[in-house]
Amino acid sequence: MNELVNPSIENESIGIERNPGSLVKNLSGDLAYFSFKPVPLPPYPPIEVSGELLSTLIEANRKVAFLDAISDKIPNQNLFLSMYIRKEALVSSQIEGTQCTLDDVLDPNAEENANIDVGEVINYIVATDYVLDRLHNFPLCMRLLKETHAVLMQGVRGSDKTPGEFRTSQNWIGGQGSTIKNARYIPPNPNDMKDCLDALEKYINSQDTLDPLIQAALIHYQFETIHPFLDGNGRIGRLLITLFLIEKRIIAKPVLYISCFLKLNRVEYYDRLSEVRKKGDYEQWIIFFLQMIRDTATDAIEAIDELERLHKKNATLLESVPLRTRENALSLFEYVEKSPIIDTTKTARELGLSYNTTAKNIDLLCKNGILAPTSRHGKAHLFSYVDYLNILRKGTEL
């Protein structure tokens, strides 16, 4: 291998020269190709926190702090977080080409009848729950990411691509059918990749004085640039943002998910990552990242407000039903906030009630405009908490 260091490139936005990394020649003759090896974090010269970057950083931190504070006041907080994890799992998987909808994922029989697309989303949910639990007693490190990747890829597309292990062969990024000769980007070769991952792990656990949101932007860029898995890098890379911010105590719970923003802005996202690799212009990428954090936090705050108002409205409605049926009706209402698409048989079993009693309570919630019959699943009628789903569906449409 012959390492060819890129000449330092003048970053016009900040008037300094910064080397983003080096091109490394691999193999020889007709088989030769160049992979990219990024410089370790933090960048040098240091990030210039001023102007638009500074103002966007202040806005993003303000929104995230407010979101973290109000998340403690959400009724049924665990249910809210559970729904948001499902939404993030869905959209993060859609970015990778998964073709399914929120209704597919929330179908009461999804796990029993999951196709390959639904299975990928379910795996993301399980992987997220797994790593959040492990993070209580385990530092954020490459070993933890490998464990999470193993859960993510089990039994779905990519399960033949060494789940839970970093790659030992060269990968590349490009359009469908692309080869290493016409790839848009070629990450570090396996040997360089190991060095890059070691350096990234040290940075994640360092005492860098940069604002944690800026650190998160740098870490996400570096992980995506290293691309250490044969499949699933995007999903793990997006999850890494949430894990880092929890580790740094910027957020206490997984209330900040960025996949909806990236789904809408994916071309700009890839372009901005590419600009760092070409020109060392970290600042333009960080501004984009901070805008993403700010807008994502704003959307989550609005969703919390809408869900809270919807909860209060419908809980008040059910307080006025006859006393003899109120307890069961409220139990059903609590259940549909957790599982907003239900069938009668499974719901009766979960609530420990008879089929007929459950059917009567479903009818009561339908008459009060909370539930509505939506479709059939085999012989089973399905009922949906439509207003609740409409709030969650924002950004999940295919």
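With our numbering applied, the sequence shown corresponds to residues 659 to 1056, in that order.
We treat Cβ as the ideally placed atom computed from N, Cα and C, and that holds for glycine.
Keep in mind it's a predicted model, so treat the numbers as computed, not measured.
What is the rounded straight-line gap between the Cα of residue i and the Cα of residue j?
| i | j | result |
| --- | --- | --- |
| P848 | P698 | 16 Å |
| F1041 | D1001 | 6 Å |
| F694 | L988 | 58 Å |
| E668 | L715 | Its pLDDT being 41, under 50, E668 is placed unreliably by the model, and the measurement read from it follows with that caveat. If you take the alpha carbons of E668 and L715, they lie about 24 Å apart. |
| K970 | G679 | 54 Å |
| R825 | F692 | 17 Å |
| D1021 | N1014 | 11 Å |
| L994 | D1045 | For clarity, residue 994 is Val in the given sequence; the question names Leu instead. Computed Cα separation, rounded: 12 Å. |
| E1008 | D939 | 54 Å |
| A910 | L1023 | 34 Å |
| E933 | Y861 | 22 Å |
| M851 | I959 | 38 Å |
| I732 | I962 | 7 Å |
| S666 | C918 | Only weak support is given to the placement of S666: the predicted model assigns it a pLDDT of 44, under 50, and the question is left unresolved by the model. |
| H807 | A874 | 19 Å |
| P696 | L798 | 21 Å |
| L810 | V784 | 7 Å |
| R1051 | N684 | 46 Å |
| Q828 | Q735 | 43 Å |
Buried or exposed: which applies to residue i, given that a residue is buried once 16 or more other Cβ atoms fall within 10 Å of its Cβ?
| i | result |
| --- | --- |
| L922 | exposed |
| A723 | exposed |
| Y1136 | With the chain running from 659 to 1056 in the structure shown, residue 1136 is simply not present. |
| N1048 | exposed |
| S708 | exposed |
| G755 | exposed |
| Y742 | buried |
| A690 | exposed |
| Y927 | buried |
| Q752 | buried |
| E746 | buried |
| H794 | exposed |
| T974 | exposed |
In the structure shown, what three-state DSSP assignment does residue i receive?
| i | result |
| --- | --- |
| Y843 | strand |
| E1055 | coil |
| I831 | strand |
| E706 | coil |
| E823 | coil |
| N660 | With a pLDDT of 45 at N660, under the threshold of 50, the predicted position of this residue should be treated as unreliable, though the coordinate-derived value follows. In the structure shown, N660 sits in a strand (DSSP, three-state: E or B). |
Hey, could you find the ends of the beta strand (DSSP E) residue i is sitting in?
| i | result |
| --- | --- |
| L681 | G679 to N684 |
| F614 | The structure shown does not extend to residue 614, since the chain spans only 659 to 1056, so no value can be given for it. |
List the endpoints of the continuous alpha helix (DSSP H) containing residue i.
| i | result |
| --- | --- |
| S713 | G709 to I728 |
| P857 | The sequence shown places Ala at residue 857, rather than the Pro named in the question. Taken as a continuous stretch (DSSP letters only), the alpha helix (DSSP H) holding A857 covers P848 to I862. |
| N923 | Run containing N923: none; DSSP gives neither H nor E here. |
| P870 | P870 to I884 |
| D762 | L760 to L764 |
| H807 | M800 to M811 |
Using a Cβ-Cβ distance cut-off of 7 Å, determine whether residue i contacts chain C.
| i | result |
| --- | --- |
| K804 | Judged by its chain identifiers, the structure shown contains no chain C, having just a single protein chain. |
Segments of 4+ residues assigned as alpha helix (DSSP H) that fall wholly inside the region 732-757: Scanning the region 732-757 from its first residue to its last, the whole alpha helix (DSSP H) runs of 4-plus residues come out as 735-753.
Within the region 972-1039, ranges of the alpha helix (DSSP H) (whole runs, at least 4 residues): You should have 981-996, 1002-1009 and 1013-1025.
Contained alpha helix (DSSP H) runs [length at least 4] in the region 897-961, N- to C-terminal order: 917-922 and 924-937
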